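Undergrad: Heads up: the sequence lines are chains A and B, in that order.
Whatever position you read off the first sequence (first residue = 1), add 40 for the working numbering.
Whatever position you read off the second sequence (first residue = 1), add 40 for the working numbering.
Please find one structure pasted underneath; my questions will follow.
2 protein chains.
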Amino acid sequence: MRRLAEHLGVGATTVYWHVTTKEDVLDLALDHIFGEVALPQVSEDWRADARGLIHGWRAAMLRHPWAPGLLGRPMLGPNVLARTEFLQSTLARAGFTGVGLAAATHGLANYVIGSALTETTWRRTDDPDVRHGARRHIEDSPTTYPTLVASGHLGDQAWGDDELFTGGLDTMLAGLDQALR
Amino acid sequence: MRRLAEHLGVGATTVYWHVTTKEDVLDLALDHIFGEVALPQVSEDWRADARGLIHGWRAAMLRHPWAPGLLGRPMLGPNVLARTEFLQSTLARAGFTGVGLAAATHGLANYVIGSALTETTWRRTDDPDVRHGARRHIEDSPTTYPTLVASGHLGDQAWGDDELFTGGLDTMLAGLDQALR
DNA sequence: ACCTGAACACCGTTCAAGT
DNA sequence: ACCTGAACACCGTTCAAGT
């Protein structure tokens, strides 16, 4: 709050005239970020529409690395709801109804949220030694972590975050396709 | 810190002899929770094994509603790594390798993380008026939220969190099945 | 209507000092 | 080896007061 006020070139307590509590500021900030998420043009390919929204969603969070830290609060702002409406209407158009529609919406949303949270966590961990230390710990115990050692978990992987995220998203969409048959 | 010390029946600054910083305590707490996640008996059905681990994972987080708030930090404790090893070895046994293996691991992990985070967020929001207020906002604007109104989003749904979570998990597993063909 | 400074209760953390 | 109290810098927030 004090730093925000300073950033605004204003007295430390002035902010409290415009906002009742710090939580309010955080709520507003979170919803504001969602306003940056582009709503794709509705096409006749629902998978493409969903993919576009989810990728934009993730991109917005990655642009503001502290944003996922705000995710532990109810997301009820108009911008969030507009994105949820777009996602759910896309899925409804695909043929989902009832529980299936709710599950599909939650599934995709929770996947982006989890991904963005873990990605920004690593991105914010400035000290690469933390990661390297953990990697070394893994390599020191090849009997307890045989698979992690072999797969290069936490190592300097050949594949990037984008590739992993897209892979998981495609998996989810393939599963949704399956449910529609 | 002060409250932790009081809880331990000890002077306010005593904790700092056992731990160097508050972050340390949170790291230890997070990894401790993962220690509660039961590792399923390895069976010949990899889907069942994965399902068991993921459900236990989620249950542990829901048991400690503040746990997801700790997720914004690197998960490198031995308990976390042991669960990751189990999950990844299960997926490797299923036939995944290379990027596919990494993507499958990340996909499932990020889905639980996101789900646990949003679920505990709602569970911790003691005031039901927050949710009801948002629901009312949706119903007041049926033109902007046609799908959300129809689906009862944020309403008192007929289906519970467990059902939605299982649905999303099954979707992901179905997608993974697809990738193995 | 909007901004201010003083003040309060509360943090995490340091450090010299005790046993 | 383990614990203590005093102290520091820093929070979010209130409130009476200014314009």
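Just so you know, even glycine gets a beta-carbon here, dropped at the ideal spot from N, CA and C.
Given the structure is predicted, the values throughout are model-derived calculations rather than measurements.
(1) Can you check the stretch 107-186 of chain A for any beta strand (DSSP E) of at least 3 residues that lies completely inside it and give the ranges in chain order?
(2) Cα separation between A/Asp217 and B/Pro168?
(3) So A/Trp97 is in the alpha helix (DSSP H); what residue range does that whole segment cover?
(4) Let's test the definition: count the other Cβ atoms within 10 Å of the Cβ of A/Arg98 and tell me whether it reaches 16, buried, or not, exposed.
(5) Mind checking if A/Val139 is an interface residue toward chain B, Cβ cutoff 8 Å exclusive?
(6) Is the distance from the Cβ of A/Leu93 to the Cβ of A/Leu127 below 8 Å?
(7) Could you name the residues of chain A that B/Ile153 contacts, counting a contact when the two beta carbons are closer than 7 Å?
(8) Would you mind sorting B/Ser191 into buried or exposed? The rule is 16 or more other CB atoms within 10 Å of its CB.
(9) At the 8 Å Cβ level, is B/Met212 part of the contact set with chain A, yes or no?
(10) Please report how far the alpha carbon of B/Val50 lies from the alpha carbon of B/Trp57, in whole angstroms.
(11) Is DSSP giving B/Gln218 helix, strand or coil here?
(12) Need the endpoints of the alpha helix (DSSP H) that B/His58 sits in, please.
(13) How would you call A/Leu209, buried or exposed, if buried means at least 16 neighbouring beta carbons within 10 angstroms?
(14) Between which two residues does the alpha helix (DSSP H) holding A/Ala45 run?
(15) Beta carbon of B/Pro118, beta carbon of B/Asp89: below 8 Å?
(16) Going by alpha carbons, who is nearest to A/Ile73 out of A/Arg123, A/Arg43, A/Thr60?
(17) In whole angstroms, what is the alpha-carbon distance linking A/Val59 and A/Met115?
(18) Does A/His72 come out as helix, strand or coil in the three-state DSSP assignment?
(19) Should A/Tyr151 and B/Gly96 be called a contact, given that it needs their Cβ atoms to be closer than 8 Å?
(20) How big is the Cα-Cα spacing for A/Ile178 and A/Leu188?
TA: The answer reads as follows:
(1) none
(2) 35 Å
(3) 86-103
(4) A/Arg98 comes out buried.
(5) yes
(6) yes
(7) Gly154, Leu157, Thr158
(8) buried
(9) For B/Met212, the answer is yes, since a Cβ of chain A falls inside 8 Å of its Cβ.
(10) 12 Å
(11) helix
(12) 55-58
(13) buried
(14) Counting along the chain, the alpha helix (DSSP H) containing A/Ala45 begins and ends at 42-47.
(15) Their beta carbons are not under 8 Å apart, which means B/Pro118 does not touch B/Asp89 by this criterion.
(16) From the listed residues A/Arg123, A/Arg43, A/Thr60, the smallest Cα separation to A/Ile73 is found for A/Arg123.
(17) 18 Å
(18) helix
(19) no
(20) In this structure, the alpha-carbon of A/Ile178 lies about 7 Å from that of A/Leu188.
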